[in-house]
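Visitor: Take a look at the following structure, please.
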Amino acid sequence: MKIYVDTADIEEIKTAFAWGIVDGVTTNPSLIKKAVKKYKKGLKEYIKEILKIAGKTPVSLEIISVKEKEMYEQAVTLYEMFSTKENNIVIKIPINIAEDKEDTTHYDALKVINKLAKKKIPVNCTLIMTPEQSLLAAKAGASYVSPFAGRIDDDLRKRAGREFEKTDYHEADGIMIEDVLVHDKGIVSGVDLVEQTQHMLRTYKYNTQVIAASVRNARQVRELALIGADIATIPFSVLNEMIHHHKTFEGLKAFTNDIVPEYEKLFE
Ligand code: E4P
């Protein structure tokens, strides 16, 4: 499974790349807001720094409009502003949904994705909550789709009337309440959303890669790897959690306490 780091924090990106485990970066407006607050740099220079660290691995940058013309223009602007031979920019386009069912003007994401695909600008279609949204995005020409596993889990736990922390583990096979499986139109968990999405795209041999997004904890990463997710985009805190185990910590402490002086001398 490829691992992307889901952050716009430059120090986190640097550290994760230095570990040699990162295949790409995903950002969104909320992650950029957090990073810019912390580092207080001009955004253009800041993004260029991220791109330099990421090299040729894909870095997703999101547009901010929901209207067709602006969406397309913003995508082209972002791409032209930052794309060079030394990097690999991917434009993130939310699969948008009209609040009002009569309003079809806000269903333009697919049209924009299609236009960008024809212009050979790679797209990561984001805010995906159902496999069928992914199917449409793939048909329109998206290079990546990002199903939001964690946000689906949050929603299912809420529907089940559960109190939870966002970092809690959510069962990959769903939650049973009084013998009834809580689901969202047949989706029983975030991992299930990713699995169904990937199965659907592979059945019809789309080249679109699935990025499991909105990842909440290490166990969810394991389950994503076990179902064969193409890519998981993982927050830095979850990468840390993946490394940690209390018995590893305890074991290391015991080994350190047992180091005899002769052993230390070997390294002098
Ligand atoms: C990445 O592409 C998504 O924007 C990100 O994973 C969303 O995560 P969140 O649900 O924790 O905000």
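First residue of the sequence shown: 1, per our numbering; consecutive thereafter. C-beta atoms are modelled at their ideal positions from N, C-alpha and C, and glycine is treated no differently.
1. Pick helix, strand or coil for Thr27, following the three-state DSSP scheme.
2. Determine contact between the stretch 49 to 67 and the stretch 81 to 94, defined as no fewer than three beta-carbon pairs at a distance below 8 Å.
3. Beta carbon of Thr197: closer than 8 Å to some heavy atom of the ligand E4P?
4. If you draw a straight line from the C-alpha of Ile211 to the C-alpha of Glu250, how long is it?
5. According to DSSP, Glu178 sits in a beta bridge with which residue or residues?
6. Would you call Thr126 buried or exposed, if buried means 16 or more other Cβ atoms sit within 10 Å of its Cβ?
7. Can you tell me where the beta strand (DSSP E) holding Thr77 begins and where it ends?
8. How is the beta strand (DSSP E) around Thr15 delimited, first residue to last?
9. Quick check on the DSSP output: the alpha helix (DSSP H) that includes Asn240 runs from which residue to which?
10. Would the stretch 125 to 140 and the stretch 106 to 113 be scored as touching if the rule is three or more Cβ pairs under 8 Å?
11. Count the other CB atoms, across all protein chains shown, that sit within 10 Å of the CB of Glu163; report buried if there are 16 or more and exposed otherwise.
12. Can you find the residues in the same chain that come closer than 7 Å, C-beta to C-beta, to Ala160, ignoring five residues on each side of it along the sequence?
13. Could you tell me whether the Cβ atoms of Tyr144 and Asn114 are closer together than 9 Å?
14. I want to check one thing, is the minimum distance from the CB of Phe236 to the heavy atoms of the ligand E4P below 8 Å?
15. Looking at Tyr46 and Ala54, is the spacing between their C-beta atoms short of 9 Å?
Guide: Taking the coordinates as given:
1. In the three-state DSSP reduction, Thr27 falls in the coil class, being neither helix nor strand.
2. yes
3. No, the beta carbon of Thr197 sits no closer than 8 Å to any heavy atom of the ligand E4P.
4. 35 Å
5. Per DSSP, none; premise fails for Glu178.
6. buried
7. That residue, Thr77, is in no beta strand (DSSP E); its alpha helix (DSSP H) goes 68 to 82.
8. Looking at the DSSP string, Thr15 is not in any beta strand (DSSP E); the run it does join, the alpha helix (DSSP H), is 10 to 18.
9. 236 to 243
10. yes
11. So Glu163 counts as exposed.
12. Hits under 7 Å: Ile175, Ile177, Val182.
13. no
14. Relative to the non-hydrogen atoms of the ligand E4P, the Cβ of Phe236 never comes closer than 8 Å to any of them.
15. Contact check for Ala54 against Tyr46 fails: the beta carbons are separated by 9 Å or more.
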